[in-house]
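Following: one structure in C-alpha cells, then a few remarks.
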Amino acid sequence: MALAMHVHPLDKHLRVKRLPTIFCSGCGIGIALSAMLRALDKRISEGSVNPNKVLWVSGIGCSGRAVLYLNYDVAHVLHGRAIPFAIGAVLANPELKAVVLGGDGDIAAIGGNHLIHAAKRNFDMVVVMITNFIYAMTGGQVAPTTPYGVYTTTTPAGNPEYPLNVIKLVGALNANYVARASVTTPHLIEQYFYKALAMRGFRFIEVVATCPEMFGRHIGLRDSVEMFSELKKRVVYRHRPSLEEAMIDWEKGIVIGEFVERNNPSFIELLRGVKK
Amino acid sequence: MALAMHVHPLDKHLRVKRLPTIFCSGCGIGIALSAMLRALDKRISEGSVNPNKVLWVSGIGCSGRAVLYLNYDVAHVLHGRAIPFAIGAVLANPELKAVVLGGDGDIAAIGGNHLIHAAKRNFDMVVVMITNFIYAMTGGQVAPTTPYGVYTTTTPAGNPEYPLNVIKLVGALNANYVARASVTTPHLIEQYFYKALAMRGFRFIEVVATCPEMFGRHIGLRDSVEMFSELKKRVVYRHRPSLEEAMIDWEKGIVIGEFVERNNPSFIELLRGVKK
Amino acid sequence: MFSVGGVVSRSNNKFRVNVIVDRCKECGLCIFICPTKVLVRSGVMNRYGYYPPDPVFIDKCVGCKLCEYVCPDFAIFIEKV
Amino acid sequence: MFSVGGVVSRSNNKFRVNVIVDRCKECGLCIFICPTKVLVRSGVMNRYGYYPPDPVFIDKCVGCKLCEYVCPDFAIFIEKV
Amino acid sequence: MKYEILIVGRAGQGVLLLGRVIGLAASKYAGLYAVVSESYPAEARAGESRADVIIASSIEEAPYIKVLNADMAIFLFPYRIDYYKTLLQDSTTVVIDEEYVDPALFSKYHVVSARFSEIAERVVGTRRAVNIVVLGRILRELKVLTEDHVKKALEEIVPPRWLQLNLKALEEGMKL
Amino acid sequence: MKYEILIVGRAGQGVLLLGRVIGLAASKYAGLYAVVSESYPAEARAGESRADVIIASSIEEAPYIKVLNADMAIFLFPYRIDYYKTLLQDSTTVVIDEEYVDPALFSKYHVVSARFSEIAERVVGTRRAVNIVVLGRILRELKVLTEDHVKKALEEIVPPRWLQLNLKALEEGMKL
Amino acid sequence: MRRAFATGNFAVAEGAMTAGLRFYAGYPITPSSEIFEYLAEELPKRGGVVVQMEDEIASINAVIGASWAGAKAMTATSGPGFSLMAEAIGLAVITETPVVIVNVMRAGPSTGAPTKTSQSDVFQARWASHGDYIVPVYAPWSVQEAYDLTIKAFNTAELLRTPVILLSDATIAHLWESLTIYDRGEVEVIERKIPKKVSDEPYPPHKPDEDLVPPMPIFGAGFKALVESLLHDEWGHYSPTNSVYHSLVKRLVDKVVKRLSYVYEQETRFCEDAEVLLVSYGSTARTVYLVIKELRKRGVRAGFLRLKTLWPLDEERIRSCCPNAKKVIVVENNIGKIYMDMSRIFRNQDVFPASVLSLELPTPSEVLEAVEPWL
Amino acid sequence: MRRAFATGNFAVAEGAMTAGLRFYAGYPITPSSEIFEYLAEELPKRGGVVVQMEDEIASINAVIGASWAGAKAMTATSGPGFSLMAEAIGLAVITETPVVIVNVMRAGPSTGAPTKTSQSDVFQARWASHGDYIVPVYAPWSVQEAYDLTIKAFNTAELLRTPVILLSDATIAHLWESLTIYDRGEVEVIERKIPKKVSDEPYPPHKPDEDLVPPMPIFGAGFKALVESLLHDEWGHYSPTNSVYHSLVKRLVDKVVKRLSYVYEQETRFCEDAEVLLVSYGSTARTVYLVIKELRKRGVRAGFLRLKTLWPLDEERIRSCCPNAKKVIVVENNIGKIYMDMSRIFRNQDVFPASVLSLELPTPSEVLEAVEPWL
Ligand SMILES: Cc1ncc(C[n+]2csc(CCOP(=O)(O)OP(=O)(O)O)c2C)c(N)n1
Ligand SMILES: Cc1ncc(C[n+]2csc(CCOP(=O)(O)OP(=O)(O)O)c2C)c(N)n1
Ligand code: SF4
Ligand code: SF4
Ligand code: SF4
Ligand code: SF4
Ligand code: SF4
Ligand code: SF4
Ligand SMILES: [Mg+2]
Ligand SMILES: [Mg+2]
C-alpha cells in the first residue's frame, strides 16, 4: 500500500500544519467541522462547488476558531460581525459561496441583528451556528441558548431566562432553509450542509454541540463521552418537523430536522431584478 | 360654562407649551400618541397606574420625537437604543412602568437585536413601534418594513427586499403580548395599549401609521387624507388572529388584531425567583 | 360660535366641538372622518398659516369623537354640554 | 499493526483503521461510538501527553466510519483495503 | 471680481432653486467660480428660507460662503429685515416682491420692485414660479450672467415637464 | 525586606494555587505586602504554568511584579530550565520534584529535593496535592511565614471538602 | 476595613460596591470578565442587580438608564467592547449621567491578543465618542489603587454628573496583591445631588448650581425629567442655537475643569533633585519605578511622575512637579501617546518617547533599553 | 473633465466613483445621506453595488468584506454612526483592508444638532478604535477638495492597505460650489497590489514588500487568504508573542509613516513674511483665510497654514512652514483639538487656541474675536 494513502480524507481541506486544533478534548465543534468538510468534499468532487470560490467567515468564540484550520479563503473577524462581512464579500463578488460559522453567542447574541436581517433578505449564504449553550471561549458565561436555571459564571444563582429558540426566530423570516442537527448525528450535519451548499438564498443550520469544558462542567458533565451520550439521549429526529415542533430544551428534548425548505429568489437575484 | 373646561382632555399629559409638535400635517404618529394617552389616562383615573412611575423612552426618528411632548419622565436617547436604556431603568427601579416608543427603523433595523432579546427575556415593558414603512426623519430611505419594489431615496430602482414582518418575529419569542393596530383604528390602539399597560412581561404593539410626507410622497399619496384613506382600505381586523395570519402587505392587506396574549412570568419575576 | 383663549367652539344641544386653533395643521383628517360632515375648513388662518376646521354644521354632530381621535395634533375635542 | 509518519494502522481483510497519533486528544468518543468495540485506549502517550485509541480488536471492524465521523480532531480514519 | 447675492423668502417661493440656478449658470456656463449656501428654516422661524450666492473668478477671492456685503439682495418675504439690512451696502441693489415687502423699508437703496408672485401666477399659473420671474428681471442687473447661461442652467436643473413653464416665467421677468 | 519566589510546573500541579496561598498568607495573615503574578500556558508551550511570588514590607520595595532575583525557585516540572536559571542568584534555594526534575541541573545551588508528587499520591491519594506538600516543606526556609499563617490561608482559599486533604498534605510536607 | 489578597478585577468590583454600586450590566470579555462574574455573585446579595445583556451597546445603554433611575451604575469591558460603547459615552455626557465604565486594556488593534496587556487605549478613552466633551480617565498601577480609583471614579461621576472611565489593564486585572477593603464610613463616598420635589411642573434636568452641576431629577420621583440626546437647554428642550450650544457644551467641559483639583491625581518621587523626569502610569509605572531606583543607584538623578488621572491633565501641576529636570522621558506600553501630552506640556524641557510595546508588563530591561538612549 | 455645480456630498460620491468605487454599504444619517442616495442612483449604472444595511456596524463590516472580495469600498456616515464603527476600524487596520470611511461631521456630543456643522470629531477620527495604529485622515475645505481628497483617500487606502477617513462637515456637505470632475486617466488612480497566483498553497496575506505593504490576496482567486482579527504573523496565524506584536503593529504604523510625504498634505499662504501664523482646516479655514486677508489689510503680517491631512502630521513641514512666525494661533470649530498638536509641534513659538464653537460656519467676526486676544 502506498504511504500516500495514510492521510486523513479531509486533510486536503485543512491547513494540517496548524493541527491539532486549540479545541478541548472532546469538543463538539470539531465533529461539526468534520461533517461539513465531508459535505463540501462531495460537492467539490461532484464539481458543483468550486473550491476557489468558497469563503468561510467566522466571528470570535471557540466555534469561530474552527475556520482557521481550513484550506480556503477564510476570515476570522469581529465578534458577531461575520454575517455583514460575508454580505459585503458576496455582494462585491457574487461568485463567492459564503459559509458563516459561529457560536450561539456570536450569531444569536451580539450578532442577532445581522442574523435576522440576513434571513429577512434571504441573503445568499449558509450560516452554521454551533449551539453549545454557553459562552465557551470567555469561560462559561450565560448564552442566549443556556437552559433555564443552569449555573453559569454570570448567573451563579441559575439562569433566570428561558432560552432563545433560534430556529423559531429564523423560521419566522424569509430564509430558504432552516434546519437543526446535532454533533451526535454527524451524518445529518453532513446531509443538511450538503443540501444547503446547493441552495440559493439564506440557509441556516443550527448544530447542537457538546462543550464538556464549559457547559459540561456547569451541568456536571465534564467528561466528553458522558456529555456526548447525554446529549445523544436528548436529541429527537423528526422528518420535516414544523417550526412549532422545534423544541430545544435540555430537560425535555431537542428536536432536530429540516424545519423550512423553500426556493424563493435570493437577495442577489432580487437585486438583479429576478423575481420568482 | 367655565373656561377651564375648554382644554383638550389630554392636555394634562402633555407639555402643552411645546405644541404644536414638529410633525408634518396629517402625520399618523400624533394619532397613535393621542390614543395611547387616552388609554393611559384611563389607567391613571382608575388608579391602576401611578403617573409618577411612568417612563417613556424613545430612540431617534420622527416617531421617537413624540415622547418629547409628554408630561412624564421621558428619555429621548440613541437611535435604536431605547429598549436597553429602559431595561436598565426598570431593573434599577422595578416600580417604573416603561413604555418604549420608536419607529420601524429604530426598533426593527438598528435596534432589532435589543427587540428580540427583550422579547426573549419577556422583559417588563411595553414597546410601541410605529410602522410608517420608511425612514422618515432622515428623508425617506428604505426601512425594513418598506414594501417590495417601492421607490425610496436609497432604493431608487425599487426596494429589492421583501419586508420584515415584525409581528411574526416578536411572536416567535417569549413576549406575553403581541398586537398590531393602525392609526386608522385609533380605538384599537387605545384598547391594546390599555390592556398592555396592565400586563406583565414583554408587550409589543405595532402601530401602522401614515407618513404622507415621506412614504406618502414615494407612493404617490402625498395628501394626508388620501394616504389615511388608502391605509384604511388596506387594514383588516381579525379577532385573535394567529401569527400566520399576520400579513402586512401594502398590496394585499394589513391584518390587525391581537396575535399573542399570555401571562408568563416576566424577567423581573424570574430574576427574583418567581416561577409560573 | 365663540372663541376663548385660542379655542373656537360651537355647540348643539348635546355636544360642543372645540378647535384649538393654533395647534391645527390643516391636515383635514377630522373633516374626512366626521361621519355627519360637521366640519369645514375655515377661512381664518392660524398663527402658523394653517386653516383649521370650523364645526359649521354643528347641529349634525353626534358626539362620536372620531374627529378628536383622528386628530394628530390634539387640536380638536368634543365636550358634552 | 504498523505505524508510518505518525499514523498507527491496523487492518482486517476489509478495512484499515488509521490513527494519526499526534492529533488525538484522548476524548474517547471513537471508543464510545464504535458499535463493535474495536478501539481501546492505547498505552503509548503522544507528543501532547494524550493516549490515542488503538484498534486492537480490528477483526471486528465493520467499516461503519462512526469513529471517523465522531472524531473532533481528524485523528482517526477508515480505509477500505 | 466678486458679486454677492442674498436671497430671502419663505418655503415654497423657490429661494433655494433660484440660488442654485444662478450658481450653476455662473459656474458651469459662465466659467466663473460660484458658491451657494442655503439656510433651512430653523424650527423657531418656520418658513424662512435663505440662499447666499457668491460669484467670483476663483475661490481665492471668495473663500467665505456667506454674503457679507451684498451686491444684490432679493426679498420675497419680509423676514428679519433689520438683521439682513446689516448685510447691505449703500450700493446694494434691493429686489423685492411688493406684495409682501414694503419698498419704503429700503428707501435709501436702489430698489427693483414688482409684484413678482402675482405676475408668476398670472403668466404661468403658479405663484411658485416667482423665483424665475425674479431671475428674469435681475438678469439685467447681473452683469456677469447672460440669458443664455441662465437658460442652460434652467434646462439642466429643472425637470423637463416644468421647463417650458420656467422659461416662460424667465421671459416674463426679462420683460419687466 | 523582599523575598522572591519563582514557581514553575505544569497544568494540574497547582502552581497557581500555591502562589496564591503563599500570597494570601503573607498578605492577610502575616501583615506583609505580597504580589503574585501568574503566567498561563501560551499555546506554544502547552502545559507550562508559572507563578511569581514576591513578599515585601510594602509595594515601595517591590514595585515590579515578576521575579528578577529569586530567593527561592520551585520546579515541579522541567520547563525552560536554562531560561529560568537566569533568574536565580547564587543564594537561591531551589526546590525540585525529583521525579521530574534532575537535581544535577542545580548542582551549584542549595537544593531542597524530594519526590513530592509521589508523596502526595501516597499520603492523600492524589498527585494534585503536590503543591501543598511542597508548601509544607518550604515553610522552614520561608522565614517570613509561619505554619499558622499558611493554615489560615488554606482554610480561606480551599473549598471545605478539600481542606482536610490539604492540611494533611501540608503536615506531610512539614515532616520532610 | 479588612485585609484581602485579591486581583485587580476583584478590587474593581469591591471598590464599586464600596462606592455604592447598585446596577451592573455587562457582556463577557477577556480580561475583564471576572469583574462581572464576581459582581454576579456578590451584588445581588447586597441588594443590587447584575444582568448580562446581548452586547456591550445594550450594556452601556442599560447602565445609563439605570443611573437615571437612581442607581449608581457601572459596566466593565475591554477594547472591542469599549469601542462599541463609543456612541453611548456621548449620550452619558450630554445627558449628564453619572456612570463608570471600566476598560481593562488588552493588546489590540481589533481582537488582538485577548489575554495580553497593553496601554494602547489611553487616547481612545478620551476621544472615542464624537462631539466635544471631557471625560475623566483614571489608571491604577496596583490592585489597591484599582480599588481606590474605582471609588474615586464613582465619586467623580456622581459629583460631576458625568461618565468616568477607569482604565485598568490585563496585568493589573489578573495580578494578585495585598488589598485593604474599607467599610462604609471609612472612605469618602459621594452621592449625587437630587433636587427636592417642590411642584408638579417638570423639573429642569440641566439647570446647573453654582458648581455648574445640575441636581439630577431621577426617574420615578415625579420630576417629569426630560432626558434628551439632542442639543438641549436647561429644560432638556432641543434647541439648535449657538447660545444653547455654548452654554451646554462649554458648561459640560467647564464643570470638569472647575474641579480639576479634585479630578486630577498624580504621584511624584525623587523630584526634588531630579535632572531627568520619567513619566509613566498604570502597570508600566511599576517597572519604571524599579528602573528609577536602579538608575539612582547608578548615579542618574531620575525623578518619577506617575499619572493616576490620564484626563483631564492638570498641566500646571505636571509642569511644575520637577523643577530642575532638563529632560522628560515618557514610558508607556503603546506607540507613544501620553508622550504627546507631555511634549506639549513641558515646553522648556526636551521630551522623549520611551515606548515599550509589550504583551506582558514591560520588564526592567525593556524599560531601560527604551529609556537609555535619551539619558 | 467636466464642470459641474454641486454639493460637497455629491462631490464625495463623484470622487469615489472617479477613484473606482465598486461597493458602498451605508445607513442613512444627516448630513451624510445624500452621498448614499446619489450613489444608490449612480453606482449600479456603473457596475457597482449599493446596499443599505441594518446599521452602521453592519455597513462598515460589509465594506471590509467587500474590499477583501476585491472591490474598492466605502461607507459614509456622521458622528453617531462613526462612533458605532469604532470597533471595525481596528479590524480594517489589523487585516490591512483598504476602505474609505467618510464622516460628515455634525454638532455633538450624542445626537446633538444633526443638521448643524462642527469640527469636533477630528480626534475621534484618529483614536476611535482600541489598540495602537495610525489611520490617515483628510479634511476638505471646499466642494472641489471634497472631490479631490476623496480620490486621495482611496489612493492612500489602496496604496497602503489601510482604512482612510475623510472628514467632511455639514457645511461642506450642503454647500453648492463649482466643481471640476475628472475622467479616468485625467487623475491618478492607484490600484492595490494583488499577488500573482503561483501555487496552490495558501498565500501569506501579511508578508510585506519593501514598502512594508503586503500584496493583498483577495478572495475568490485561489489564494486561500486567512484574514485574522487576532494578532497574527505574515500568514495570518494568531501568535501572541512580542516579536509578532512588534513586527505587526510597528509595521502597520511604519508603512504609513514611511509614505508621509505622500499621505500628508497642507497648504500655506503669506508665510514668507508672516509674524503670526493662523492654522486652520476644513470649512473653518475658509473664514480664516478671509480674516487673514482682512488682517493683512490692517497691517498684521498674518500667515496661513491649512491642513488638508489631519493625521498623521508631517511635523517637520509644519514646523518649518512659517519660519518667522512668533505666534501660532489655531482656529477650529471645536473646543481646541488640533491646537494640542500645534502646541506640541511648535516649540519655539507661542501657540494659542482660537476655538470658535459654532453650529454654522464660523463668521469672520467670530473668528476675529477668537483670534484678536492673541495678536
Ligand atoms: C465586542 C466583543 N465583545 C466580547 C468579546 C469576547 N468574546 C469572545 S468569544 C465570546 C463569546 C463566545 O461565545 P459563543 O459565541 O457562544 O462561542 P463559543 O465560544 O461558545 O463557541 C465573547 C463574548 C469580543 N471578542 N468582542
Ligand atoms: C447611530 C445613528 N445612525 C443613524 C441616525 C440617523 N437617523 C435618525 S432617525 C433615523 C431613522 C428614522 O426612521 P424610523 O426609525 O423608522 O423613524 P421614523 O422617522 O420613520 O418615525 C436615522 C437613520 C442616528 N440618529 N443615529
Ligand atoms: S471550551 Fe467548550 S467549546 Fe471551547 S474548545 Fe473547549 S469544549 Fe470546545
Ligand atoms: S416625515 Fe412622515 S413620520 Fe415624519 S413627521 Fe412627517 S409625516 Fe410624520
Ligand atoms: S364628534 Fe363625531 S360627529 Fe361630531 S364633529 Fe366629531 S366626528 Fe363629527
Ligand atoms: S385633524 Fe386636527 S390638525 Fe387635522 S385639520 Fe383637524 S383639527 Fe386640524
Ligand atoms: S469503522 Fe466502525 S466498526 Fe470500525 S472502528 Fe470505526 S466505529 Fe468501529
Ligand atoms: S475521537 Fe479522535 S481525538 Fe477522540 S480519542 Fe478518538 S481518535 Fe482521539
Ligand atoms: Mg457558545
Ligand atoms: Mg419609520
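Here the protein sequences line up with chains S, L, B, G, A, Z, V and D, keeping their order.
If you count the first sequence from 1, position 229 lands on 533 in this note's numbering, and the numbers rise without skipping.
If you count the second sequence from 1, position 56 lands on 360 in this note's numbering, and the numbers rise without skipping.
If you count the third sequence from 1, position 14 lands on 1247 in this note's numbering, and the numbers rise without skipping.
If you count the fourth sequence from 1, position 9 lands on 1242 in this note's numbering, and the numbers rise without skipping.
If you count the fifth sequence from 1, position 2 lands on 18 in this note's numbering, and the numbers rise without skipping.
If you count the sixth sequence from 1, position 80 lands on 96 in this note's numbering, and the numbers rise without skipping.
If you count the seventh sequence from 1, position 10 lands on 13 in this note's numbering, and the numbers rise without skipping.
If you count the eighth sequence from 1, position 92 lands on 95 in this note's numbering, and the numbers rise without skipping.
Beta carbons are placed, not taken as given, at the ideal position from N, Cα and C, and that holds for glycine.
| Item | Value |
| --- | --- |
| Stretch-stretch touch, CB-based, cutoff 8 Å, three pairs: the segment 21-36 of chain V with the segment 189-197 of chain V | yes |
| Cβ-heavy atom distance, methionine 518/L to ligand 4, below 6 Å | yes |
| Own chain partners of lysine 1293/B with C-beta closer than 7 Å, once the 5 adjacent residues on each side are dropped | Thr1269, Lys1270, Val1271 |
| Contact residues within the segment 499-523 of chain S, judged by C-beta distance below 7 Å to chain G | none |
| is_contact[threonine 118/D, chain L] using C-beta, thresh 7 Å | no |
| Buried or exposed (CB count within 10 angstroms, at least 16 for buried), methionine 1199/G | The displayed coordinates of chain G run from 1234 to 1314. Any statement about residue 1199/G would go beyond what the structure contains. |
| Contact test: isoleucine 364/L Cβ vs ligand 2 heavy atom, cutoff 6 Å | yes |
| Residues bridged to threonine 109/Z (per DSSP) | Met88/Z, His126/Z |
| Where the segment 1251-1267 of chain B meets chain L: residues whose CB sits under 9 Å from a CB there | Asn1251, Ile1253, Asp1255, Arg1256, Cys1257, Lys1258, Glu1259, Cys1260, Gly1261, Leu1262, Ile1264, Phe1265, Ile1266 |
| Range covered by the alpha helix (DSSP H) that runs through histidine 383/S | Segment: none, histidine 383/S is in no alpha helix (DSSP H) and carries neither H nor E. |
| Closer than 6 Å: cysteine 328/S CB and nearest ligand 3 heavy atom | yes |
| Outcome for threonine 142/A when other beta-carbon atoms lying within 10 angstroms are tallied against a minimum of 16 | exposed |
| C-beta neighbour in chain Z for serine 181/V, strict 7 Å | yes |
| Cutoff 7 Å: valine 167/D Cβ touching any chain S Cβ | no |
| Cross-chain neighbours of alanine 485/S in chain L, by beta carbon under 8 Å | Near alanine 485/S there are no residues of chain L at all, since even the closest Cβ is about 20 Å away, more than 8 Å. |
| Whether valine 15/A touches glutamate 171/A by CB criterion (7 Å) | An answer regarding residue 15/A cannot be provided, because it is not within the stretch 17 to 192 covered by chain A. |
| At least 3 beta-carbon pairs within less than 8 Å: the segment 67-79 of chain V vs the segment 386-406 of chain L | yes |
| Chain S contact for tyrosine 1302/G (CB, 7 Å cutoff) | yes |
| Buried versus exposed call for aspartate 151/V [16 or more other C-beta atoms within 10 Å across all chains shown] | buried |
| Three-state secondary structure assigned by DSSP to phenylalanine 532/L | helix |
| Three-pair Cβ contact test at 8 Å for the segment 427-437 of chain L versus the segment 446-463 of chain L | yes |
| Which listed residue (Thr459/L, Ala402/L, Ala370/L) has its alpha carbon closest to that of proline 31/D | Thr459/L |
| C-alpha distance - glutamate 45/V paired with alanine 9/V, whole-angstrom precision | 15 Å |
| Interface flag, glycine 392/S vs chain C, CB-CB below 7 Å | Judged by its chain identifiers, the structure shown contains no chain C, and its protein chains are S, L, B, G, A, Z, V and D. |
| Local Cβ density within 10 Å of valine 166/A, reported as buried at 16 or more and exposed below that | buried |
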